[in-house]
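>
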Amino acid sequence: MIKKIESDDNNIIENYINDEYYKCIYLYLDYKKYGFKNDNVNIWIQTNDLDITAIILRYYTGMHIYSRKNDCNIEEIKELVLTQNPTMICAEQSIIEELYSVMDKEKYNMEKGWVRELAESNNYSTDNVEFASKEDFFEIANLLYNDEDLGCSYKLKELAEQLYERNREGYVRNYVIKQDNKVISHAATGAENDKIAMLAYVITDTNYRGKGYALKVCSKICNDLIDEGKKIYLINYSNESTALYDKIGFKVCCKWGKLFIDLKK
163 MIKKIESDDN NIIENYINDE YYKCIYLYLD YKKYGFKNDN VNIWIQTNDL DITAIILRYY
223 TGMHIYSRKN DCNIEEIKEL VLTQNPTMIC AEQSIIEELY SVMDKEKYNM EKGWVRELAE
283 SNNYSTDNVE FASKEDFFEI ANLLYNDEDL GCSYKLKELA EQLYERNREG YVRNYVIKQD
343 NKVISHAATG AENDKIAMLA YVITDTNYRG KGYALKVCSK ICNDLIDEGK KIYLINYSNE
403 STALYDKIGF KVCCKWGKLF IDLKK
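Structure follows, in structure tokens:
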């Protein structure tokens with residue numbers, strides 16, 4: 163049975179996740195940040211008799227699933243997905259594979275990747291990296307939107323608004339490199355709190371790739387987060403990005419996956 167929950171009085175979510183937050187990193191961070199106080203956050207639990215088998219959190223159009231023992235009822239989750247119609251669904255790879263097997267493959271695409279943790283710090287140049295200004299966010303969103311992998315599940319205006327809102331709230335930080343006052347490379351924290359942070363939205367303009375800009379912006383964020391004593395995680399899906407993150411010092415924690423609707427079709 164899946165039911166929506168409206169109160170965190172019993173710390174249901176934190177007790178269930180415990181110390182495995184890296185297996186549901188965005189679900190955990192969004193819950194810690196917003197709880198039940200944000201209109202864009204909805205949370206459900208799935209139970210089997212008295213035991214919790216999954217927690218599902220929706221933030222805007224993204225849905226995140228966590229099942230500690232991988233014993234969730236996929237058919238029930240499928241029905242929730244059909245009623246909620248998220249553009250992206252994220253979870254450990256085994257859950258995503260099982261969910262994909264029962265979903266409409268004409269609607270959802272599947273991509274597999276990894277959750278990584280920064281295990282060692284390598285010092286690289288961070289010259290010309292600066293904090294993004296309010297005026298930079300449409301350019302940042304446009305870079306992400308036009309990327310084949312990063313932007314397909316978003317609408318441009320909504321993406322720009324989400325990026326700026328999260329930055330304005332102090333939930334994330336955004337770093338850029340500019341040339342001729344134009345954003346050519348960007349990286350951010352996708353979410354963070356006082357203990358952990360997610361490196362995300364790493365993108366460089368196609369005309370400036372292969373020059374080390376992504377390494378610079380990622381290194382700047384990681385250096386700052388390390389100075390603050392935070393653990394750093396990321397999710398990546400491509401071999402190209404794997405080479406970058408290996409160089410910085412990230413190691414694999416677990417296998418990851420996502421289902422997504424390509425809104426550009």
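In this note's numbering, the protein residues as written are 163 to 427.
Beta carbons are placed, not taken as given, at the ideal position from N, Cα and C, and that holds for glycine.
Since this is a predicted model, take the numbers as computed values, not measurements.
With a threshold of 16 other CB atoms inside 10 Å of the CB of ASP400, please say whether the residue is buried or exposed.
The question names Asp, but residue 400 is Ser in the sequence shown. Under this definition SER400 is an exposed residue.
> Please look up how many angstroms separate the CB atoms of ALA353 and TYR188, rounded, as I've assumed it's under 8 Å.
Indeed, because the Cβ distance is near 6 Å, the residues count as touching under 8 Å.
> Provide the residue span of the beta strand (DSSP E) that contains LYS166, from first to last.
Per DSSP, LYS166 belongs to the beta strand (DSSP E) from 164 to 166.
> Kindly identify the DSSP beta-bridge partner or partners of PHE293.
Answer by DSSP bridge pairing, in chain order: TYR337.
> Looking at VAL277: is its Cβ nearer than 7 Å to the Cβ of CYS415?
Contact flag set, yes.
> Assess contact between the region 277 to 293 and the region 377 to 397, defined as three or more Cβ pairs (one per stretch) separated by less than 8 Å. Is contact present?
Yes: at least three Cβ pairs fall under 8 Å.
> Can you have a look at GLN208 and say buried or exposed, based on whether 16 or more other CB atoms are within 10 angstroms of its CB?
Classification for GLN208: buried.
> Could you please give me the residues that DSSP links to SER347 through a beta bridge?
Paired residue(s): ILE339, THR366.
> Just the C-alpha distance for GLU176 and LYS413, rounded to the nearest angstrom, thanks.
The straight-line gap from Cα to Cα measures roughly 25 Å.
> Can you give me the Cβ contacts of ALA350 inside the same chain, cut-off strictly under 6 Å, excluding the 5 residues immediately before and after it?
Excluding sequence neighbours, ALA350 sits near VAL334, ASN336, ALA362, TYR363.
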